[in-house]
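What follows is a single structure, written as structure tokens, with notes after it.
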Amino acid sequence: MIRYAREGDSRNLAALSIQVWLHTYARDGIRADIAQYVLSTFTESHFEALLLNPDYRILVYTDGEHLLGYIAVNLTSHYRDESNGYEVETLYVQEHFHGKGIGKELLAEMRSQFGGSYWLSTWVHNDPAIGFYKKQGFRDIGEVFFQLGGEQHENRILAFSDS
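Numbering (the UniProt record's numbering) for the sequence shown: 1 to 163.
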């Protein structure tokens, strides 16, 4: 079931985020800067703040009391200009549930509620995500760099528009 996230979801959102982030990006293991990043970024209080922020919306995909995935949208973040729409800041699905249509359902629900023009960034080496987004009709429109531990990591900017 897809629904809006509630304050009581914050701990599960933090735990799922840490799990997905580490699985995706810590391919060579965990070092101090990676641990520091995930433990300081994906906190219960971080998600509580997002839920109170009028610019953000978080939709969760649940099965009973279990969180399987979520999508976080920043309605006021634009890439270059407003023609690229709002930003999908996060689309995370627990690895055990990949390939079951959860990400596609979250995108469809988001699109129906907030409109059909949006963009996101994803790590250039995250081939499964890039393949998924291209299958959904996203196009590559640029790059941005993510700074972690003194290293720059290239991310691709992907955009989608119904028009």
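Where a beta carbon is used, it is the ideal one built from N, C-alpha and C, also for glycine. Every value quoted in this text rests on a predicted model; they were computed, and no experiment measured them.
Residue nearest to Ala5 in terms of C-alpha spacing, selected from Ile58, Trp119 and Gly99
To locate residue 5, count along the sequence shown from 1; it is residue 5. The candidate whose alpha carbon is nearest that of Ala5 is Ile58.
Measuring only the C-alpha atoms, how far is Leu52 from Asp162?
Residue numbering aside, residue 52 sits at position 52 when the sequence shown is read from its first letter. Residue numbering aside, residue 162 sits at position 162 when the sequence shown is read from its first letter. Between the alpha carbons of Leu52 and Asp162 lies a distance of about 29 Å.
In whole angstroms, give me the CA-to-CA distance for Ser45 and Gly8.
Indexing the sequence shown from 1 puts residue 45 at position 45. Indexing the sequence shown from 1 puts residue 8 at position 8. Approximately 11 Å, taken between the alpha carbons.
Closest by C-alpha distance to Leu148, when choosing among Arg11, Gly99, Ser10 and Ala26
Mapped onto the sequence shown, residue 148 falls at position 148. Residue nearest to Leu148 within the set Arg11, Gly99, Ser10 and Ala26 is Ala26 (criterion: CA-CA distance).
Give the DSSP bridge partners of Asn74, in chain order.
Start at 1 with the first residue of the sequence shown, and residue 74 comes out as number 74. According to DSSP, which records beta bridges pairwise, Asn74 is partnered with Tyr56 and Glu87.
If the criterion is Cβ atoms closer than 8 Å, does the pair Gln152 and Phe160 meet it?
If you number the sequence shown from 1, residue 152 lands on position 152. If you number the sequence shown from 1, residue 160 lands on position 160. In this structure, Gln152 lies away from Phe160, with their beta-carbon atoms at least 8 Å apart.
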